[in-house]
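Structure record follows, encoded as structure tokens.
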Amino acid sequence: MAEIDNKDLIEYLLRLGDSTLVLGQRLAEWCGHAPAIEEDIALTNTALDLIGQARQLLSYAGELEGSGRDEDALAFLRDELEFHNLTLTELEGGDFGRTVLRMLLFAAYQVVLWQVLLRSTDARLAAIAEKSLKESRYHLRYGADWIVRLGDGTEESHRRMQAALEYMWSFTAELFDRDEVEARLAGVVPSSDSLRSAWEGIVLPVLAAATLQVPTVAGYLSRGKYGIHSEALGPLLAEMQFLQRAYPGGNW
Amino acid sequence: MTGFHDQWPQYEVFIKSRNGLEHKHFSSLHATDGQHALLLARDVYTRRQEGNSLWVVAASDVSQNGAEPAAGRSDTPRQFEVFLRLKPGLDHKHIGSVDACDAAAALRSAETAFGQYPAGSLWVLPSASVLTSEAEWSGPFFDAMADKTYRLPTFYQLPAAVNNM
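Rendered as structure tokens:
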């Protein structure tokens with residue numbers, strides 16, 4: 029096998045790590061605001077899982093980079109254009125329906141991806157996948173449970189879930205967009221387009237059980253993982269990074 | 306938010322803290338249905354590795370000795386799970402099961418089978434109404450909680466100035 033370039037692997041780890049970090053931050057925004065204390069804890073519990081995944085992925089990226097940046101430096105001291113998260117993960121949470129729908133869409137993607145990464149020739153990435161798969165399977169079950177309950181619930185909850193789907197769906201194309209970085213990492217990581225059918229095999233039956241109509245959109249491709257973000261990421265980072273920016277090296 | 310929880314029924318949560326021990330009543334929560342209660346119980350009560358098996362049951366299905374038993378009678382006996390709290394301050398702990406046609410008969414059978422304790426409290430609940438964390442979901446439910454010391458308050462060293470917090 030050809031020697032892989034660490035720059036490619038770093039880039040790929042940032043795509044995964046930033047996606048989990050940013051979605052973790054979005055879910056953490058529910059802390060103290062969820063519709064019931066039980067849900068408040070469940071959402072922040074999931075946020076902690078995602079932040080835990082981000083720590084492993086960003087730590088690994090920092091070590092490969094070898095310039096002394098650790099997980100904290102990567103999380104708190106990079107600017108918007110240096111983030112490589114999927115646009116889906118940075119979109120404003122909106123209502124609870126959007127929140128749980130995104131959890132389903134992203135967790136299904138992670139489950140499919142981790143299952144392939146279990147067999148990665150990169151042992152460290154395979155180990156992260158093994159640990160994370162258990163978490164993502166749970167997030168998927170939690171999200172699916174809510175989507176069916178709300179989609180196949182009252183007129184109002186159905187309307188909101190359908191609206192959430194219309195809003196989020198066009199951002200899922202990016203999940204399956206492949207580029208040269210992945211191609212050069214063949215064997216280490218899967219090609220994103222190869223994940224789509226397994227993802228649809230998970231997501232579409234849930235949406236059907238929830239009596240939701242999958243929108244027919246085509247052509248639009250968000251590009252967050254290539255560093256081109258929506259207007260939603262800046263304010264998210266401003267809040268997440270404020271303390272380290274205002275009090276550099278602050279520790280507690 | 307007024308009345309929000311009025312719409313969500315209460316569920317009782319039982320946790321087995323490790324293999325070899327019995328399920329013990331841990332706490333309760335509100336959820337839309339049993340499946341939902343099971344997921345929430347995992348997040349709310351096992352996120353710091355409190356256990357490796359969960360049971361949830363609607364509070365309305367729990368009958369206690371000395372109180373009005375839950376409604377519902379079957380023509381043929383069905384199984385009830387029995388929980389005993391030896392004295393106030395302890396938890397209701399699973400001690401076995403009995404067969405009975407209704408909750409009142411199950412309580413009488415439980416007293417016969419497991420003895421009467423003056424300060425004790427017995428709970429019986431239909432076995433069929435218990436939702437359990439399935440064995441094949443053990444990894445996602447419980448393993449995922451391991452190795453996350455950052456979940457624990459002891460992970461964070463407070464600066465001396467706020468050490469009395």
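Order-wise, the sequence lines are chains H and D. Here the first sequence is numbered in this note's numbering, starting from 29 and rising by one per residue. Here the second sequence is numbered in this note's numbering, starting from 306 and rising by one per residue. Each residue gets a CB set at the ideal place from its N, CA and C atoms; glycine is no exception.
For the putative contact between residue i and residue j, defined by C-beta atoms under 8 Å, what is the C-beta separation to the nearest angstrom?
{"i": "A405 of chain D", "j": "F385 of chain D", "result": "6 Å"}
{"i": "L436 of chain D", "j": "Q340 of chain D", "result": "7 Å"}
Output needed for residue i: all residues of its chain with C-beta closer than 7 Å, excluding positions within five of it in sequence on either side, in chain order.
{"i": "W142 of chain H", "result": "A157, S160, L161 and S164"}
{"i": "G80 of chain H", "result": "none"}
{"i": "H330 of chain D", "result": "E317, F319, F388, D396 and H397"}
{"i": "V176 of chain H", "result": "V234, A237 and A238"}
{"i": "Y350 of chain D", "result": "V318, I320, F331 and S332"}
{"i": "L271 of chain H", "result": "G278"}
Using only the alpha-carbon positions, how far apart do residue i and residue j sit?
{"i": "H335 of chain D", "j": "E208 of chain H", "result": "49 Å"}
{"i": "L153 of chain H", "j": "A375 of chain D", "result": "53 Å"}
{"i": "E228 of chain H", "j": "S426 of chain D", "result": "51 Å"}
{"i": "V245 of chain H", "j": "E202 of chain H", "result": "13 Å"}
{"i": "V361 of chain D", "j": "S438 of chain D", "result": "9 Å"}
{"i": "E373 of chain D", "j": "H167 of chain H", "result": "39 Å"}
{"i": "A449 of chain D", "j": "A172 of chain H", "result": "19 Å"}
{"i": "L457 of chain D", "j": "E99 of chain H", "result": "20 Å"}
{"i": "L102 of chain H", "j": "E317 of chain D", "result": "43 Å"}
{"i": "D396 of chain D", "j": "V231 of chain H", "result": "41 Å"}
{"i": "L391 of chain D", "j": "A424 of chain D", "result": "6 Å"}
{"i": "Y40 of chain H", "j": "L145 of chain H", "result": "12 Å"}
{"i": "A260 of chain H", "j": "L116 of chain H", "result": "10 Å"}
{"i": "L344 of chain D", "j": "E31 of chain H", "result": "44 Å"}
{"i": "F204 of chain H", "j": "R224 of chain H", "result": "6 Å"}
{"i": "K321 of chain D", "j": "H399 of chain D", "result": "10 Å"}
{"i": "Q312 of chain D", "j": "T337 of chain D", "result": "8 Å"}
{"i": "F134 of chain H", "j": "F447 of chain D", "result": "21 Å"}
{"i": "C216 of chain H", "j": "M189 of chain H", "result": "Going by the sequence as given, residue 216 of chain H is Val instead of Cys. Going by the C-alpha atoms only, they are around 37 Å apart."}
{"i": "S148 of chain H", "j": "Y137 of chain H", "result": "17 Å"}
{"i": "A440 of chain D", "j": "G394 of chain D", "result": "31 Å"}
Is it buried or exposed, residue i, if we count other Cβ atoms within 10 angstroms and call 16 or more buried?
{"i": "L109 of chain H", "result": "exposed"}
{"i": "R323 of chain D", "result": "exposed"}
{"i": "P218 of chain H", "result": "buried"}
{"i": "T127 of chain H", "result": "buried"}
{"i": "E327 of chain D", "result": "exposed"}
{"i": "Q462 of chain D", "result": "exposed"}
{"i": "E210 of chain H", "result": "buried"}
{"i": "S47 of chain H", "result": "buried"}
{"i": "T454 of chain D", "result": "exposed"}
{"i": "G252 of chain H", "result": "buried"}
{"i": "R352 of chain D", "result": "buried"}
{"i": "G96 of chain H", "result": "exposed"}
{"i": "D150 of chain H", "result": "buried"}
So, at 6 Å on beta carbons, what are the nonlocal neighbours of residue i in its own chain, with the 5 sequence-adjacent residues on each side left out?
{"i": "D77 of chain H", "result": "E163"}
{"i": "S434 of chain D", "result": "V362 and D366"}
{"i": "Y248 of chain H", "result": "S198"}
{"i": "L71 of chain H", "result": "L55, W58 and A62"}
{"i": "A226 of chain H", "result": "V140"}
{"i": "A342 of chain D", "result": "Y316, A336 and V361"}
CB-CB under 8 Å to residue i, same chain, minus the five flanking residues each way: which ones, in chain order?
{"i": "L92 of chain H", "result": "N34, L37, I38 and L41"}
{"i": "V403 of chain D", "result": "Q384, F385, V387, A411, S414, A415, A418 and V429"}
{"i": "A364 of chain D", "result": "P314, Q315, Y316, E317 and S333"}
Review point. Is the segment 120-133 of chain H close to the segment 48-57 of chain H, with three or more CB pairs under 8 Å?
Key: yes
Check your understanding: What are the residues of the segment 98-110 of chain H that lie near chain C, defined by any Cβ-Cβ distance shorter than 7 Å?
Key -> No chain C appears in this structure, whose protein chains are H and D.
Check your understanding: Can we say the segment 41-51 of chain H touches the segment 83-97 of chain H, given the rule of at least three CB pairs closer than 8 Å?
Key -> yes
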